[in-house]
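Just so you know, the sequences run in chain order A and B.
Converting from the first sequence to this note's numbering requires adding 16 to each position, the first position being numbered 1.
Converting from the second sequence to this note's numbering requires adding 847 to each position, the first position being numbered 1.
Just so it is clear, CB atoms sit at the ideal spot from N, CA and C, and this is done for glycine as well.
Here is the structure we will look at.
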Amino acid sequence: MSKLMKLNLKVWRQKNAESAGNFEEYKVDASPDMSFLEMFDVLNEQLIETGKEPVAFDHDCREGICGMCSMVIDGRPHGPKQGVTTCQLHMRSFNDGDTITVEPWRANGFPVIKDLTVNRSAFDRIIAAGGFISTNAGNAVDANAVLIPKEVADEAFEAATCIGCGACVSACKNASAMLFVGAKVTQLSKLPQGKPERESRVVAMVNQMDAEGFGACTNTGACAAECPKQIPLSVIANLNREYIGAKMNGK
Amino acid sequence: MKLLSFLFTSSIGRKVLMAVTGLSLVAFLLVHAGINACIFFNDGGETFNHAAEFMAHNWLIRSAEIGLFLGLLLHIVQGLSLTASNTQKRNSKYGASAGNANSKWYSRSMGILGSLLLIFLVMHLKHFWVVSRFTDAIQETAGSTLFDEMVLVFADPLPVIVYVIGCISLAYHLLHGFQSAFQSMGINHPAYTPIIKGIGAGFSIIVPLVFAAMPIAMHLGWIK
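Spelled out as structure tokens, the structure:
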């Protein structure tokens, strides 16, 4: 077993959405082979053993595919590595003796529930506004009857890798959800089944995005740089294009 | 008009308006820099005065000036209101920030850079535009020209410093704004985006450099 690392943690503690919240300092001994969440499991066991309240944080699959984990680590959503979620970040990315600051996603659209957990149901409401296909596609036809160029399919699939974690919102100086909405709109509008509703969809989703209190896009690129699935900025341009087209068409 | 109301109401529409007005101001900058660069002929402002005379009396240019001021006003008002609304989207601030790890400082500072430009612009318009349009300081019949006014203003070091700061703000504002405008209008393509970014970077360096050279050269007496 590798040598344990001694870490100092500054963790955001907040009782509920109404309370103010503050940073608390903790010391944890962690193996370099642990994931960041496993290190938090160790911290929580320590807290429980000493009769203190454990830190609330979101997690589910711990395989980097569900989009539940959501920590801002030293000012960066999902930590310092590119293309990984917090659960896939390992303690070997840090050094013995480091002080690590851990905070929740901060955005008015994502109110804190407790400690590091935030309410991301705003994303669900954006999807419910139009992020689906409701046209009847009928029986399954021969695969070659619907021709889709490989590049178009690739673009749709790349956008579809968005796990809806909200790192884009947390990284953006305006707490904008454009990368998320851009990914969903791109995924659905590129393929034939999604085309009939593309105009009403983009307008409904953008209206909901604005109503949820997310900011406008300044094109700083922070969202794409921090996205664990590396969704490119081009999905935002595609969203703009879809939206302008729909609006100019009177939608 | 209802068709275009989204330019003022939705987050994407408001950015589209910023892009369109911003690019029209870019076009203006090119003309402005080109005409003013006539002072570098170093012929006592003869070529420059000739060009300025044309710009001041051509009806097409004067009509375009109305559009320019309208675009400028929309860009300023929309920009300030967007900046104000965007900063209200995160009431609880981060304890640790690592902005430089994922974006450029000037892309995050467009509001501040734009405000610096606005302060510069007020001073700049007062120096030349107001003087040439609304006062009788410049009387061609009496032999006083816009070039003489430049010589007068830039003899004092304070305006020279303010103009150079204005040009630096302009350079960084353009460095982000030029390419960002295309993205806001939905133009992003693997083949064209690198070209747009290249032209944008060249424009953002060359044009402010040409502008900054004018007050400096006049102050140091290189141009007479």
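Examine chain A for any beta-carbon lying closer than 8 angstroms to the beta-carbon of residue 979 (chain B), and answer yes or no.
As a working mapping, residue 979 (chain B) is identified with position 132 in the second sequence. Cβ-Cβ to chain A under 8 angstroms: no for residue 979 (chain B).
Could you spell out the range, first to last residue, of the alpha helix (DSSP H) harbouring residue 906 (chain B)?
Counted from its first residue, the second sequence places residue 906 (chain B) at position 59. Looking at the DSSP string, the run of the alpha helix (DSSP H) that includes residue 906 (chain B) is 906 to 934.
Count the other CB atoms within 10 Å of the CB of residue 1016 (chain B); is the residue buried (16 or more) or exposed (fewer)?
Looking up residue 1016 (chain B) in the second sequence gives position 169. It is buried - the Cβ of residue 1016 (chain B) has at least 16 other Cβ atoms within 10 Å.
Using a Cβ cut-off of 8 angstroms, pull out every chain A residue sitting near residue 875 (chain B), in sequence order please.
As a working mapping, residue 875 (chain B) is identified with position 28 in the second sequence. Result: empty, since nearest Cβ-Cβ is about 22 angstroms, beyond 8 angstroms.
Take every Cβ of the segment 869 to 884 of chain B, pair it with every Cβ of the segment 1041 to 1058 of chain B, and state whether three or more of those distances are shorter than 8 angstroms.
The answer is yes - the segment 1041 to 1058 of chain B touches the segment 869 to 884 of chain B, with three or more Cβ pairs under 8 angstroms.
Please name the residue in A:180, A:147, A:159 and A:174 whose C-alpha comes closest to that of residue 220 (chain A).
Residue numbering aside, residue 220 (chain A) sits at position 204 when the first sequence is read from its first letter. Selected option, being the one with the closest Cα: A:147.
Check each candidate in B:855, B:947 and B:1027 and name the one with the smallest Cα separation from residue 1043 (chain B).
Residue numbering aside, residue 1043 (chain B) sits at position 196 when the second sequence is read from its first letter. The shortest C-alpha separation from residue 1043 (chain B) is found at B:1027.
Can you find a CB in chain B that lies within less than 8 angstroms of the CB of residue 42 (chain A)?
In the first sequence, counting from the first residue as 1, residue 42 (chain A) sits at position 26. No, residue 42 (chain A) lies away from the interface with chain B (no Cβ there is under 8 angstroms from its Cβ).
Note down the Cα distance separating residue 966 (chain B) from residue 180 (chain A), rounded to an integer number of angstroms.
By 1-based counting over the second sequence, the position of residue 966 (chain B) is 119. By 1-based counting over the first sequence, the position of residue 180 (chain A) is 164. Cα-Cα distance, rounded: 42 angstroms.
Round the Cβ separation of residue 23 (chain A) and residue 72 (chain A) to the nearest angstrom and send it over; I've been treating them as touching at under 8 angstroms.
Mapped onto the first sequence, residue 23 (chain A) falls at position 7. Mapped onto the first sequence, residue 72 (chain A) falls at position 56. Actually they do not touch by this definition, with Cβ atoms about 20 angstroms apart.
With 16 as the cutoff for other CB atoms within 10 Å, does residue 913 (chain B) come out buried or exposed?
Counting from one through the second sequence, the residue named residue 913 (chain B) turns up at place 66. Residue 913 (chain B) comes out exposed.
Buried or exposed for residue 28 (chain A), going by 16 or more other Cβ atoms inside 10 Å?
Within the first sequence, the letter at position 12 stands for residue 28 (chain A). With 16 or more Cβ atoms within 10 Å of its Cβ, residue 28 (chain A) is classed as buried.
List, in chain order, every chain B residue whose beta-carbon is nearer than 7 angstroms to that of residue 250 (chain A).
Translated into the one-based positions of the first sequence, residue 250 (chain A) becomes position 234. Ordered by position in chain B, the residues that pass the 7 angstroms Cβ test against residue 250 (chain A) are 1035.
Out of A:157, A:70, A:143 and A:113, point me to the one whose CA is closest to residue 178 (chain A)'s CA.
Numbered from 1 along the first sequence, position 162 holds the residue referred to as residue 178 (chain A). Ranking the options by Cα distance to residue 178 (chain A), first place goes to A:143.
Per DSSP, what kind of secondary structure is residue 21 (chain A) in: helix, strand or coil?
Mapped onto the first sequence, residue 21 (chain A) falls at position 5. Strand.
What residue range does the beta strand (DSSP E) around residue 119 (chain A) cover?
As a working mapping, residue 119 (chain A) is identified with position 103 in the first sequence. Per DSSP, residue 119 (chain A) belongs to the beta strand (DSSP E) from 115 to 120.
I believe residue 864 (chain B) touches residue 850 (chain B) by the beta-carbon criterion, under 8 angstroms. Please report the beta-carbon distance rounded to the nearest angstrom.
Counting from one through the second sequence, the residue named residue 864 (chain B) turns up at place 17. Counting from one through the second sequence, the residue named residue 850 (chain B) turns up at place 3. Incorrect: roughly 14 angstroms between the Cβ atoms, too far for contact.
Report back the beta-carbon spacing between residue 243 (chain A) and residue 183 (chain A) to the nearest angstrom; my notes put them in contact at under 8 angstroms.
Residue mapping note: residue 243 (chain A) aligns to position 227 of the first sequence, counting from 1. Residue mapping note: residue 183 (chain A) aligns to position 167 of the first sequence, counting from 1. Confirmed, Cβ separation roughly 6 angstroms.
So which residues of chain A does residue 1050 (chain B) contact, with C-beta pairs closer than 7 angstroms?
Position 203 of the second sequence, counted from the first residue, corresponds to residue 1050 (chain B). Result: empty, since nearest Cβ-Cβ is about 17 angstroms, beyond 7 angstroms.
Which runs of the beta strand (DSSP E) fall wholly inside the segment 87 to 162 of chain A and span at least 3 residues, in chain order?
Qualifying beta strand (DSSP E) stretches, in chain order: 87 to 89, 115 to 120 and 128 to 130.
Residue 222 (chain A) to residue 152 (chain A), Cα distance in whole Å?
Numbered from 1 along the first sequence, position 206 holds the residue referred to as residue 222 (chain A). Numbered from 1 along the first sequence, position 136 holds the residue referred to as residue 152 (chain A). C-alpha separation (whole angstroms): 24 angstroms.
What is the DSSP secondary structure of residue 213 (chain A), counted as helix, strand or coil?
For the purposes of this step, residue 213 (chain A) is taken as residue 197 along the first sequence, with counting starting at 1. Correct three-state label for residue 213 (chain A): helix.
Can you pull out the residues from the segment 935 to 965 of chain B whose beta carbon lies closer than 8 angstroms to at least one beta carbon of chain A?
Within the segment 935 to 965 of chain B, the qualifying residues are 935, 936, 937, 938, 939, 940, 941, 942, 943, 944, 945, 946, 948, 949, 950, 951, 954, 955 and 957.
Measure the CB-CB distance between residue 228 (chain A) and residue 202 (chain A) and report whether it falls below 8 angstroms.
Within the first sequence, numbered from 1, the residue matching residue 228 (chain A) stands at position 212. Within the first sequence, numbered from 1, the residue matching residue 202 (chain A) stands at position 186. No, Cβ-Cβ distance for residue 228 (chain A) and residue 202 (chain A) is not below 8 angstroms.
State buried or exposed for residue 1039 (chain B), treating a residue as buried only when at least 16 other CB atoms are found within 10 Å of its CB.
The count along the second sequence starts at 1 and reaches residue 1039 (chain B) at position 192. The residue in question, residue 1039 (chain B), is exposed, as its Cβ has fewer than 16 Cβ neighbours within 10 Å.
Using beta carbons (cut-off 8 angstroms, strictly below), is residue 870 (chain B) in contact with chain A?
Along the second sequence, one-based indexing puts residue 870 (chain B) at 23. So no, residue 870 (chain B) is outside the interface.
Any Cβ of chain B within less than 8 angstroms of the Cβ of residue 13 (chain A)?
A query on residue 13 (chain A) cannot be resolved here, the shown segment of chain A reaching from 17 to 267 and no further.
I'd like to know whether the C-beta of residue 850 (chain B) is nearer than 8 angstroms to at least one C-beta of chain A.
Locating residue 850 (chain B) in the second sequence gives position 3, counting from the first residue. At least one chain A Cβ lies under 8 angstroms of residue 850 (chain B).
Mind reading off the beta-carbon distance from residue 993 (chain B) to residue 899 (chain B)? Whole number of angstroms is fine, and I expect it under 8 angstroms.
As a position in the second sequence, residue 993 (chain B) is number 146, starting the count at 1. As a position in the second sequence, residue 899 (chain B) is number 52, starting the count at 1. About 5 angstroms separates the two Cβ atoms, so the contact holds.
Please report how far the alpha carbon of residue 906 (chain B) lies from the alpha carbon of residue 264 (chain A), in whole angstroms.
For the purposes of this step, residue 906 (chain B) is taken as residue 59 along the second sequence, with counting starting at 1. For the purposes of this step, residue 264 (chain A) is taken as residue 248 along the first sequence, with counting starting at 1. Cα to Cα, residue 906 (chain B) sits roughly 32 angstroms from residue 264 (chain A).
Against chain A, with Cβ distances strictly below 8 angstroms, would residue 1030 (chain B) count as a contact?
Translated into the one-based positions of the second sequence, residue 1030 (chain B) becomes position 183. Taking Cβ atoms only, chain A reaches closer than 8 angstroms to residue 1030 (chain B), which makes this a yes.
Which chain A residues sit within Cβ distance under 8 angstroms of residue 863 (chain B)?
Position 16 of the second sequence, counted from the first residue, corresponds to residue 863 (chain B). Simply 256 and 260.
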